[in-house]
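One structure below.
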Amino acid sequence: MEMILDIVSWVLITGGVIFCLIGGYGLISLKDFYARLHAASLIDTFGVGLIFIGLMFQAGFTLVTAKLILILAFIFFTSPTATHALARAAINHDVLPEVDTEEERELVRKTKTTTQGTP
Amino acid sequence: MNIEIITSDVLNVVTLLFMAVTGIAIARIRNLFAVVMLSGIYSLMGATLYVILDAVDVAFTEAAVGAGASTVLMIGTLALTSARENATGSSQAIKAAIVCTFVGIALVYASLDMPYFGDPSAPIHHHVAPRYLNDSMAEIGLPNVVTSVLASYRGYDTMGEAFVIFTAAAGVITLIGRGRREKSPSERKTDSQNIMKRKIVLRVVSKLLIPFILLFGLYVQWHGDFGPGGGFQAGVIFGAAFILYGLIYGLGTLRAALPSWVTRVILALGVLLYAGTGVVSMIKDARFLDYNVLASTPTGGQHVGILLVEFGVGMTVFAAIVTIFCAFAGRAAADVNTVSDQGGAGND
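Chains E and L, in that order, give the protein sequences. Under our numbering, think of the first position of the first sequence as 19, with each following residue one higher. Under our numbering, think of the first position of the second sequence as 6, with each following residue one higher.
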């Protein structure tokens with residue numbers, strides 16, 4: 019039983035680490051601001067989430083797990099909010115996403131006018 | 006060498022390397038907003054280093070003050086100044102490089118005289134540390150020795166620190182806190198109506214989080230005797246909740262909830278409570294800040310005294326953080342107002 023728990027927890031932690039690495043790589047290699055933001059948000063959600071769930075399996079039914087759940091809930095609310103605020107701030111300061119087609123460009127302009135004045 | 010020592014050594018080296026890289030980046034980047042963010046990362050790395058060194062209380066303070074509060078305050082400062090650093094001439098860069106090299110060599114030379122890292126015969130482990138570690142349980146009776154040292158053995162130093170923070174906030178009030186135009190109630194109402202339409206996500210999430218941040222601040226304040234925490238950390242966390250409120254709902258709304266006279270009174274009350282605890286022990290025929298006489302038993306008196314002075318520190322730190330933030334943010338808002346009033350021509 020303990021063996022199974024160990025395996026599950028290490029699979030989850032390794033998965034989280036891989037997601038963190040992918041996110042870090044994307045943060046460096048992607049050119050567009052919003053694409054980078056997307057890569058960074060991968061770390062907050064999948065990376066941290068999987069690592070924390072893995073750690074919960076390590077801790078078992080203890081106070082540590084309760085604390086981990088609380089921290090996870092906190093991160094669950096704060097990091098998407100931070101990403102959202104960053105994207106909003108970028109749009110308001112005329113950092114527009116790089117897009118390929120005219121249709122998408124029109125969409126970007128529309129989004130910009132609706133979010134204008136809402137920092 | 007066992008595996009734990011090796012792991013912590015590796016972690017130490019990696020963290021220090023990260024800090025060095027961040028420091029070089031701070032020196033090279035000219036975008037001051039990025040510099041502020043990097044200095045926050047630097048503080049967070051420092052906090053990690055303290056955790057590895059088992060100094061959890063210090064790490065807590067570093068994370069709360071260095072990475073949290075000072076980052077917000079520096080962003081507030083950037084709102085008043087330019088967000089780009091002007092380029093300096095290359096001759097000055099050469100001079101600076103020479104000075105830095107010499108200072109660096111001097112520091113490395115001085116560090117040769119220092120005891121090795123973790124050396125058990127280092128002076129710091131022999132002067133008063135053994136007494137703190139061996140006798141504090143009998144003399145003070147608190148599980149967290151750091152709190153015993155901070156609030157009781159070194160009560161004078163901590164009182165000095167509280168007064169430094171008090172003086173800093175008082176200085177900010179006298180220098181830039183005045184001359185701000187208070188908004189009329191009707192303006193405040195339109196402000197809040199505008200805010201009601203905007204920033205829905207931020208409003209909802211902040212409303213969800215602020216009660217928990219306040220609760221956590223109270224926990225850190227009153228649990229500091231038993232675990233990591235105390236007045237400094239609690240004050241910053243409590244202040245952070247109000248700063249978050251001010252950032253999202255606007256300075257006027259924050260000041261409506263927490264008027265400036267309230268923070269000024271709390272600011273002074275905190276240090277008054279600290280020094281007053283010392284005076285009470287003097288009235289009870291003991292020395293200044295000797296808590297033994299505050300209750301029927303010496304350890305009971307220590308408990309009461311430490312709780313009181315920690316609460317005083319918490320009040321002062323909380324009020325100082327909020328005051329400094331409001332002074333900076335109010336200044337920025339006032340500047341924006343004057344610029345828009347005069348068509349962008351003037352600046353006070």
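Note that the Cβ used here is the ideal one computed from N, Cα and C, for glycine as well.
- [ ] Check each candidate in L:A175, L:V41 and L:D59 and name the one with the smallest Cα separation from L:R89.
- [x] Taking the first residue of the second sequence as 1, we reach residue 89 of chain L at position 84. Checked all of L:A175, L:V41 and L:D59; the closest Cα to L:R89 is L:V41.
TODO: Alpha carbon to alpha carbon, how far is E:K128 from L:L272? Give it in angstroms, no decimals.
DONE: Against the second sequence, residue 272 of chain L aligns to sequence position 267. Against the first sequence, residue 128 of chain E aligns to sequence position 110. Cα-Cα distance, rounded: 48 Å.
Task: Residues within the stretch 257-271 of chain L neighbouring chain E, beta-carbon criterion of under 7 Å - done: none
Task: Rounded separation between L:D124 and L:A156 - CA only - done: Taking the second sequence and counting its residues from 1, one reaches residue 124 of chain L at position 119. Taking the second sequence and counting its residues from 1, one reaches residue 156 of chain L at position 151. When rounded, the distance between both Cα atoms is 27 Å.
Open item on the list: Could you tell me the alpha carbon to alpha carbon distance between L:L16 and L:G281, rounded to whole angstroms?
Closed with: What you label residue 16 of chain L is simply residue 11 of the second sequence in a count that begins at 1. What you label residue 281 of chain L is simply residue 276 of the second sequence in a count that begins at 1. The straight-line gap from Cα to Cα measures roughly 44 Å.
TODO: Could you spell out the range, first to last residue, of the alpha helix (DSSP H) harbouring L:N139?
DONE: Sequence index remark: in the second sequence, residue 139 of chain L carries index 134 (1-based). L:N139 -> alpha helix (DSSP H) spans A134 to E144.
- [ ] My understanding is that L:V318 touches L:F237, with C-beta atoms under 8 Å, so please give their C-beta distance in whole angstroms.
- [x] Against the second sequence, residue 318 of chain L aligns to sequence position 313. Against the second sequence, residue 237 of chain L aligns to sequence position 232. Right, their Cβ atoms sit about 6 Å apart.
Task: Per-residue contacts from L:L207 into chain E (C-beta, under 7 Å) - done: In the second sequence, counting from the first residue as 1, residue 207 of chain L sits at position 202. The contacting residues are T99 and A103.
Task: Beta-carbon neighbours of E:F95, restricted to chain L and to distances below 9 Å - done: Mapped onto the first sequence, residue 95 of chain E falls at position 77. Correct list: V210, L213 and L214.
Open item on the list: At the level of alpha carbons, what is the spacing between L:Y254 and L:R208?
Closed with: Locating residue 254 of chain L in the second sequence gives position 249, where the first residue counts as 1. Locating residue 208 of chain L in the second sequence gives position 203, where the first residue counts as 1. In a straight line, the C-alpha of L:Y254 is about 8 Å away from that of L:R208.
Task: Residue range of the alpha helix (DSSP H) that includes L:M24 - done: Sequence index remark: in the second sequence, residue 24 of chain L carries index 19 (1-based). L:M24 -> alpha helix (DSSP H) spans I8 to R33.
Task: Among L:S286, L:R269, L:H308 and L:Q307, nearest to L:M320 - alpha-carbon criterion - done: If you number the second sequence from 1, residue 320 of chain L lands on position 315. Closest option to L:M320, Cα to Cα, is L:R269.
TODO: Indicate whether L:P120 and L:A111 have their beta-carbon atoms separated by less than 8 Å.
DONE: Taking the first residue of the second sequence as position 1, residue 120 of chain L is located at position 115. Taking the first residue of the second sequence as position 1, residue 111 of chain L is located at position 106. For L:P120 and L:A111, no; Cβs fall outside 8 Å.
TODO: Go ahead and label L:C331 buried or exposed: buried means 16 or more other beta carbons lie within 10 angstroms of its beta carbon, across all protein chains shown.
DONE: On the second sequence, residue 331 of chain L is found 326 positions in, with the first residue counted as 1. It is buried - the Cβ of L:C331 has at least 16 other Cβ atoms within 10 Å.
Task: Rounded separation between L:V19 and L:S48 - CA only - done: On the second sequence, position 14 is the one that residue 19 of chain L refers to. On the second sequence, position 43 is the one that residue 48 of chain L refers to. Rounded to whole angstroms, L:V19 to L:S48 spans 15 Å at the Cα level.
Open item on the list: Check this for me: beta carbons of L:A239 and L:V225, under 8 Å apart or not?
Closed with: Here residue 239 of chain L refers to the residue found at position 234 of the second sequence. Here residue 225 of chain L refers to the residue found at position 220 of the second sequence. Closer than 8 Å, so yes.
Open item on the list: Whole angstroms are fine: how far does the CA of L:G335 sit from the CA of L:A324?
Closed with: Residue numbering aside, residue 324 of chain L sits at position 319 when the second sequence is read from its first letter. Residue numbering aside, residue 335 of chain L sits at position 330 when the second sequence is read from its first letter. If you take the alpha carbons of L:A324 and L:G335, they lie about 16 Å apart.
Task: Length of the line joining the Cα atoms of L:I218 and L:I34 - done: Start at 1 with the first residue of the second sequence, and residue 218 of chain L comes out as number 213. Start at 1 with the first residue of the second sequence, and residue 34 of chain L comes out as number 29. Distance between the alpha carbons of L:I218 and L:I34 is about 33 Å.
Task: Inter-residue Cα distance where the pair is E:G33 and L:L54 - done: The sequence position of residue 33 of chain E within the first sequence is 15, counting from 1. The sequence position of residue 54 of chain L within the second sequence is 49, counting from 1. In a straight line, the C-alpha of E:G33 is about 26 Å away from that of L:L54.
- [ ] Would you kindly check if the distance between the Cβ of E:L68 and the Cβ of E:F92 is under 8 Å?
- [x] Counting from one through the first sequence, the residue named residue 92 of chain E turns up at place 74. Counting from one through the first sequence, the residue named residue 68 of chain E turns up at place 50. No, the Cβ-Cβ distance between E:F92 and E:L68 is not below 8 Å.
Open item on the list: Let me make sure I understand the geometry here. Which of E:I25, E:D62 and E:L30 has the alpha-carbon closest to that of E:S97?
Closed with: Taking the first residue of the first sequence as 1, we reach residue 97 of chain E at position 79. Checked all of E:I25, E:D62 and E:L30; the closest Cα to E:S97 is E:D62.
Open item on the list: In this structure, how does DSSP classify L:R336 when only helix, strand and coil are distinguished?
Closed with: Position 331 of the second sequence, counted from the first residue, corresponds to residue 336 of chain L. L:R336: helix per DSSP, three-state reduction.
Open item on the list: Between L:T20 and chain E, is any beta-carbon pair separated by less than 8 Å?
Closed with: What you label residue 20 of chain L is simply residue 15 of the second sequence in a count that begins at 1. So no, L:T20 is outside the interface.
Open item on the list: Among the candidates E:H102, E:A77, E:L86 and E:K85, whose CA atom is the shortest distance from the CA of E:H56?
Closed with: To locate residue 56 of chain E, count along the first sequence from 1; it is residue 38. E:H56 has its Cα closest to that of E:H102, out of E:H102, E:A77, E:L86 and E:K85.
Task: L:N36 (DSSP reduced to helix, strand or coil) - done: In the second sequence, counting from the first residue as 1, residue 36 of chain L sits at position 31. It is a strand residue.
TODO: Note down the Cα distance separating L:R292 from L:A60, rounded to an integer number of angstroms.
DONE: On the second sequence, residue 292 of chain L is found 287 positions in, with the first residue counted as 1. On the second sequence, residue 60 of chain L is found 55 positions in, with the first residue counted as 1. Using only the alpha carbons, I get a separation of about 30 Å.
- [ ] Within the same chain, show all residues whose beta-carbon is closer than 7 Å to that of L:H228, passing over the 5 residues directly before and after it, in chain order.
- [x] In the second sequence, the residue the question calls residue 228 of chain L occupies position 223. Excluding residues within five positions, the ones whose Cβ falls inside 7 Å are G234.
Open item on the list: Quick check on L:D295: buried or exposed, where buried means 16 or more other Cβ atoms within 10 Å of its Cβ?
Closed with: Translated into positions along the second sequence, residue 295 of chain L becomes position 290. Classification for L:D295: buried.
Open item on the list: Quick check on DSSP: helix, strand or coil for E:L30?
Closed with: Taking the first residue of the first sequence as 1, we reach residue 30 of chain E at position 12. The answer is helix: DSSP assigns E:L30 an H, G or I state.
TODO: Using three-state DSSP, classify L:R159 as helix, strand or coil.
DONE: Within the second sequence, the letter at position 154 stands for residue 159 of chain L. Coil, per DSSP.
Task: Through-space distance from L:M79 to E:I22, alpha-carbon basis - done: As a working mapping, residue 22 of chain E is identified with position 4 in the first sequence. As a working mapping, residue 79 of chain L is identified with position 74 in the second sequence. So the alpha carbons of these two residues sit roughly 49 Å apart.
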